[in-house]
Structures are given as structure tokens and as C-alpha cells.
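The sequence shown runs 29 to 363 under the numbering used here.
Beta carbons are placed, not taken as given, at the ideal position from N, Cα and C, and that holds for glycine.
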Amino acid sequence: MIAPTDGPPLYPLRMKEVFQKRPWGGDGLKKALGKKCPAKTGESWELSVRPGAESVVANGPLKGKKLGDLLKKWPRPLLGDEHHMRFSERFPLLVKFLTVHDRMSLQVHPSDEFAQRYEIEGVGKMEAWYVLSAPKGCRVIRGVLPGTTVAEFRAQLDKGSVEQCLNVMDVHPSDVIFIPPGTIHSAYGGVVVLEVQQNSDLTYRLTDWGRKVNGKARELHVEKALNVTDFYSMGVSKYKPSRILGFSYKRQLLIKCEKFTMEAIQATRGRIKEHSNPIRFSVYTVVSGKGRFVHSGGEKSESFRRGETYFMPAHLGAFEIVTPGAAEIVVSYVE
């Protein structure tokens, strides 16, 4: 597709990640994704318009420009014919890699309704984890054990023995863990995940396991957390990807929820023809392998490798994924 003269250059926009240190972080992003990140990195914010942690374009003619500024300047060709009307004021997604070595705080996120009533931000958080690396002994906590009452949970939390109330799971690469608002969760043991979530940073901590950071305990939010926690309808603990029919290559559905959809392209050596959807943008995160996005009628290309994330403009048009060998790319979008 040829961009109008007053429109943006249309090509796959590689996002420069923003590393976030966390007390539970480690070196998992170096090992699993080849990231050159500081010690104790817990999160790599791959695509963000959050103040103070905003993604910057790392390639092409728009290199150095903030994604948020570009979306405000050219909302329709970048966000899409429909999405620019829905999301021009607030971008809907935040995409991250997480590596959790020590215990992540036991936490829960509020719903949109709760956030609109009680928080300045006004947006809750629904998220999903796609497991990329799962060393022996790593665990993910998702929800409480069936039959756990609020009173029992509170009593065990106060005694420091809350783990006996929790659904502690072993996980493996390609597991998908859906974490809707109200779902207590945590992780430990070196697990590495791709996280796609609503554009919100509202987190309520129930416990930080007695940890101190620079000699001080981190703030807890027990009353808010208990108010939003769903003790009765935890849903499925983890999913396995399912094949999407109708493609000449292997494409899998990871999760489809009311806030976003995640799919995985399993490429082999060769070329895959893709086409942007003019009504909406998409995000391509490379979790393994390398290759090129060939666009502009085959005249231009952008090289990619594992650990990189690309914003795909809605009006990009036809492009190809060219790979010299196996590669996996997670595609995230909002319906």
C-alpha cells in the first residue's frame, strides 16, 4: 500500500524495549531471548505508551520517535479505520517480557468497573502469560484452591501461611495462563513469559513474602486486594495453543478474551504471506528465530530476531515473513 504524501512512512516499527528492575528479577531474559539487560531485570516493556516508559521506534525513517506521538499525529493509518475512533485517546495494550526468579509478590488486579470507581487511572487490568522458558522447579500461582473462603484466606494471610490456600502449578513452554481481573497470581523459579495486558499499571499486593528492598518493605494493598479478588470462579488454570485452520502454515490461537487476542505463527524455512487489517493495528513479538519482514511490494525489508517487538500499522498492507529456519512470532491485537 502506498502511503499518502501527508501520511506516515508505513513499515513494521521495531520498538526499543524499556527494562525494569524488580526485586524478583534475574538474568532469564538474557538466556531465553538474548536481551542485553541490567542485573535484576524483571520486566522488558516491549510496547508501551506509559508515561516515563514510552516505546521509541528503533528502525527506519521514524527512528527515535515516540510511539505515542506518532499515534496522535497519524491515528487512522497507524491504529486503523475503526480503532482510531476507539483508541486515539488511550492506547489499549501493554506488551512485556517477564522473568521471575525470586517470588513475585502475591498480587491481584482490579476490573475496569472497580478502577473507574476508586482509582484515578480508571482502567483495570486483564492479562495473559505465554510461557517461553520454564526451568525445573519453577512455579506459577493462579487463584486459590477450591473451597477456600475469604475468612480462611485472610486468616492464613495474617499468619504468613497463605500458600496452603493457593493453586500452585508447574508450567511448561507453550502453556498459556489467563489472568482476568480478580485472579490472585504470582510466580517464581526462573519462569520467562510473554505478557499481554490492558494498558494499566494497577496492582494490589497481598504479600511480598517478607522481602525488604533497600531495607524497607514494599507497600501492600490488602483491603483493596481482598475487595477485588474472585474466590469462586477461577476458570481454567492454563491453556494449550489450538490450531487455527485455513492457513498454509501452522498458526495457533493462544487466547481470545474481551480485551485482546493472541495468536502464534510457527514459521519454517520459507515465506509466509501476511496482510494488515485496515481496521486495526497488530503487534508482532518474535519469541524465537530470525528473519525479515518484506513490505512495500517487496522493495523494502526489516530484519527481525528473537526478543524483538514490532508495531504493525493498520494500513501497512501486504507483507511477507521470510525466515531461514524455524521461528515463532506472537501476534497480539484487539478486535
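Residue burial classification, F275 (beta-carbon count within 10 angstroms, cutoff 16): exposed
Would T211 pass as a contact of G171 if the rule is Cβ separation under 7 Å? yes
Assuming contact is defined by CB atoms lying nearer than 7 Å, are A215 and V128 in contact in what I supplied? yes
For G108, collect the residues of the same chain with a Cβ closer than 8 Å to its Cβ; drop the 5 residues on either side in sequence, then sort them by chain order. N305, P306, I307, R308, F309, A342, H343
State buried or exposed for V220, treating a residue as buried only when at least 16 other CB atoms are found within 10 Å of its CB. buried
Beta-carbon separation of P40 and F288 under 7 Å? no
Which residues DSSP lists as bridging G319, in chain order: F332
Starting from Q225, follow the beta strand (DSSP E) in both directions and report where the run begins and ends. 219 to 226
Three-state class that DSSP yields for A86 in the structure shown: coil
Other residues of its chain near N195: CB distance less than 8 Å, five sequence neighbours each side excluded: I169, R170, G171, V172, L173, M262, S265
Reference W237; option with closest CA among L185, M43, L75, G345: L185
Using the beta-carbon count (16 or more within 10 Å), is R145 buried or exposed? exposed
Whole angstroms is fine: what's the gap from L57's alpha carbon to R334's? 11 Å
Taking K153 and P209 to be in contact with their CB atoms under 8 Å, please state how far apart those CB atoms are, rounded to whole angstroms. 6 Å
Is it the case that the segment 221 to 233 contacts the segment 114 to 123, given that we only count it when at least three CB pairs across the two stretches are under 8 Å? yes
From the DSSP output, read off the bridge partner residues of K396. Summary: the structure shown does not reach residue 396, with the chain confined to residues 29 through 363, and so no result is reported for it.
Does DSSP classify Y260 as helix, strand or coil? coil
Out of K44, G345, P269, H112, which has the shortest C-alpha to C-alpha gap to C65? K44
Pick from E251, E330, L126, L273 that is closest to T182, judged by C-alpha positions: Note on identity: in this sequence residue 182 is Arg, with Thr being the wrong assignment. Closest by alpha carbon: E251.
Are there 16 or more other CB atoms within 10 angstroms of the CB of M290, so buried, or fewer, so exposed? buried
Does the beta-carbon distance from S372 to A355 come in below 7 Å? As shown, the chain starts at 29 and ends at 363. That puts residue 372 outside it, with no answer to give.
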